[in-house]
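Just so we're aligned: 66 in the UniProt record's numbering is position 66 of the sequence shown, and the numbers increase by one with no gaps anywhere.
Ideal placement from N, C-alpha and C gives every residue a C-beta, glycine not left out.
Worksheet: the structure to be examined is printed underneath.
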Amino acid sequence: MPERDDDVVMVRRLTRWERLGMAALFLAGVFLVGVAVFVWTGYYNISAKSEHWDFTTEILETVRDQSIHARAGSIAVPDLDNPGMVALGREHYRGGCASCHGMPGEERNPIAREMLPDPPDLAYAFDRYDPSALFWLIDNGIKYTGMPSWPGTGRQDEVWPMVAYLKSVHEENPPGTVVDNTSGDGEPIDSYGFHVLDECSRCHGDAQTGPVSDRVPSLSGQPSDYLERALREYRVGLRESGYMEPAAFALTDQDISQFATLYSQYPPQSGETAFDPEQVARGAEIAMNGLPEDDVPACTSCHGNGNSQFPNLAGQSQTYIEGQLELWRNGGRDTTPYGQIMAVIGRNMSPRQIEDVSAFFASLEQAAPGGGQ
1 MPERDDDVVM VRRLTRWERL GMAALFLAGV FLVGVAVFVW TGYYNISAKS
51 EHWDFTTEIL ETVRDQSIHA RAGSIAVPDL DNPGMVALGR EHYRGGCASC
101 HGMPGEERNP IAREMLPDPP DLAYAFDRYD PSALFWLIDN GIKYTGMPSW
151 PGTGRQDEVW PMVAYLKSVH EENPPGTVVD NTSGDGEPID SYGFHVLDEC
201 SRCHGDAQTG PVSDRVPSLS GQPSDYLERA LREYRVGLRE SGYMEPAAFA
251 LTDQDISQFA TLYSQYPPQS GETAFDPEQV ARGAEIAMNG LPEDDVPACT
301 SCHGNGNSQF PNLAGQSQTY IEGQLELWRN GGRDTTPYGQ IMAVIGRNMS
351 PRQIEDVSAF FASLEQAAPG GGQ
């Protein structure tokens, strides 16, 4: 009878899934080593003079567009055909976007053309994106492209005019059309230069003209102390605005004083004339007596009592006043001491009360230079 060999080792055969798992681990290891070698050797050329590989561009664009559409689908779109919204968007496109994207339908400057990715001609933005997607893109920006997010946190009310302007360009100008390169007053546009009074007047108006839009405040006759404080708050980022923060950042103390003094001396501009008398009467009651049951003080206790730290509301457009009160009501503009006061008031007012008090102040004659009213 043969002897049993106790040294024989029985080896279990791997299952199909175990073999696949080991192969996957091996391939993953090879891939990681390959990536490490690829990165460490600096093989990939990051020069902006060298285009991405085609498949890299395809992947990046697909990831970008899918990310935008996944986040923009639930965004409600306002009326983008409002002329005041379009006019405001046009002016801020000139100041904030044209340096890279150029005026729609025109050549961009040579520096922007050498960027990678190349900033597109936004006359064709609506060929690829719908309004909600464009809003999300402008508001949030895109990583690693040079496209910044909107500077004013929580100021989505400033982003929609940009979308409205691009929509108007898309609808009114066939492909290849060169868009008229003039401002609202017929003066040629300089998208790349800066002069404090030119930059202010093209939106806020001057001694002869009013604001470019009913969404912009008239600064004529406003107290110089208030104007200086507001600009300094914008300059240091204490007060949020994608429009005003970049403009104020470039101002010196002397610029700010010059601006505030000049606008405080400008004569009033004629504003809206047609109002609902009943709405104005309801607004007058709030402005004069407040809403004691809702802890809302009389507006005139601060606005119109001669305090140079508060803006004059008389003659401002109803749309502008409503927009600011809605911002405070929804949690915006509460980053300054005065803004925190107004945020409490805004939250305690209903939408109808906001409309009423805005109509009342809009119905008044604009204050004369000197700022007391």
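- Here residue 242 really is in contact with residue 155; their C-beta atoms are around 6 Å apart, less than 8 Å.
- The straight-line gap separating the alpha-carbon atoms of residue 360 and residue 282 is approximately 8 Å.
- Of 284, 217 and 258, the smallest CA-CA separation from residue 271 is found for 217.
- Per the coordinates, the alpha-carbon of residue 229 lies some 39 Å from the alpha-carbon of residue 113.
- Put simply, of 119, 211 and 345 the residue whose alpha carbon is nearest the alpha carbon of residue 327 is 345.
- Take the alpha-carbon of residue 356 and the one of residue 288: they are about 13 Å apart.
- If you look at residue 261, you'll find it in the alpha helix (DSSP H) that goes 253 to 265.
- For the 8 Å CB-CB criterion, residue 322 and residue 363 do not form a contact.
- Per DSSP, the unbroken alpha helix (DSSP H) holding residue 57 starts and ends at 54 to 72.
- Taking 8 Å as the cut-off, the beta carbon of residue 222 is found closer than this to the beta carbon of residue 311.
- DSSP, read as helix, strand or coil, puts residue 77 in coil.
- Shown here for residue 348: same chain residues with a beta carbon closer than 8 Å to its own, the five before and five after excluded, namely 291, 294, 295 and 296 in chain order.
- If you draw a straight line from the Cα of residue 103 to the Cα of residue 202, it is about 16 Å long.
- In this structure residue 238 is in contact with residue 335, their Cβ atoms being roughly 6 Å apart against a cut-off of 8 Å.
- With 16 or more other Cβ atoms inside 10 Å of its own Cβ, residue 259 counts as buried.
- In the assembly as shown, residue 17 is an exposed residue. Its beta-carbon has fewer than 16 other beta-carbons within 10 Å.
- DSSP places residue 39 in the uninterrupted alpha helix (DSSP H) bounded by 16 to 41.
- In this structure, residue 93 sits near residue 165, with a CB-CB distance shorter than 8 Å.
- Of the other Cβ atoms in all chains shown, 16 or more fall within 10 Å of the Cβ of residue 318; this residue is therefore buried.
- When rounded, the separation of the alpha-carbon atoms in residue 99 and residue 108 is 8 Å.
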